[in-house]
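Trainee: Under our numbering, the first residue of the sequence shown carries the number 31, and numbering increases by one thereafter.
Quick one: structure below, then a few questions.
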Amino acid sequence: MTADTEGDTTVPLLQLVLCAVEAPLAAAWSTVAEGRKGVRVHEGSVLDIEAEAVVSPANSFGWMRSGVDALYSRAFPNVEQHVRSGVLAYHG
Numbered sequence: 031m032t033a034d035t036e037g038d039t040t041v042p043l044l045q046l047v048l049c050a051v052e053a054p055l056a057a058a059w060s061t062v063a064e065g066r067k068g069v070r071v072h073e074g075s076v077l078d079i080e081a082e083a084v085v086s087p088a089n090s091f092g093w094m095r096s097g098v099d100a101l102y103s104r105a106f107p108n109v110e111q112h113v114r115s116g117v118l119a120y121h122g
């Protein structure tokens, strides 16, 4: 039986937390996320929640020097080098 099976009340192993610092965006996401297993909305910073992984919506090149990526770089030391090394290893 999986977490998607009807009647199953187990919590999914993976949970998607959508973080929005602006109330209108959080409200819109809450409307869409309502009733969806494994999806919840947090109104506030992504750094306020406990998580095993954080996904940046900002770019795919590994430059983490402005916007939300700069916030991640300050919160997670050396993350830019790890990301850029991963991009280089994958794409050559």
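From the three backbone atoms N, C-alpha and C, an ideal C-beta is built for every residue, glycine too.
Can you tell me the Cβ-Cβ gap for residue 88 and residue 99, rounded? I've got them flagged as a contact below 8 angstroms.
Mentor: The sequence position of residue 88 within the sequence shown is 58, counting from 1. The sequence position of residue 99 within the sequence shown is 69, counting from 1. The pair is a contact, with the Cβ atoms about 5 angstroms apart (cut-off 8 angstroms).
Trainee: Name the DSSP bridge partner or partners of residue 73?
Mentor: By 1-based counting over the sequence shown, the position of residue 73 is 43. 50.
Trainee: Let me confirm a value: residue 51 is counted as buried when at least 16 other C-beta atoms fall within 10 Å, else exposed. Which label applies?
Mentor: For the purposes of this step, residue 51 is taken as residue 21 along the sequence shown, with counting starting at 1. With fewer than 16 other Cβ atoms from the protein chains shown falling within 10 Å of its own Cβ, residue 51 counts as exposed.
Trainee: Find out if the Cβ-Cβ distance for the pair residue 49, residue 75 is shorter than 9 angstroms.
Mentor: Here the question's residue 49 lines up with position 19 in the sequence shown. Here the question's residue 75 lines up with position 45 in the sequence shown. For residue 49 and residue 75, yes; Cβs fall inside 9 angstroms.
Trainee: Indicate the three-state DSSP secondary structure (helix, strand or coil) for residue 114 in the structure shown.
Mentor: In the sequence shown, counting from the first residue as 1, residue 114 sits at position 84. DSSP places residue 114 in helix when its eight states are reduced to three.
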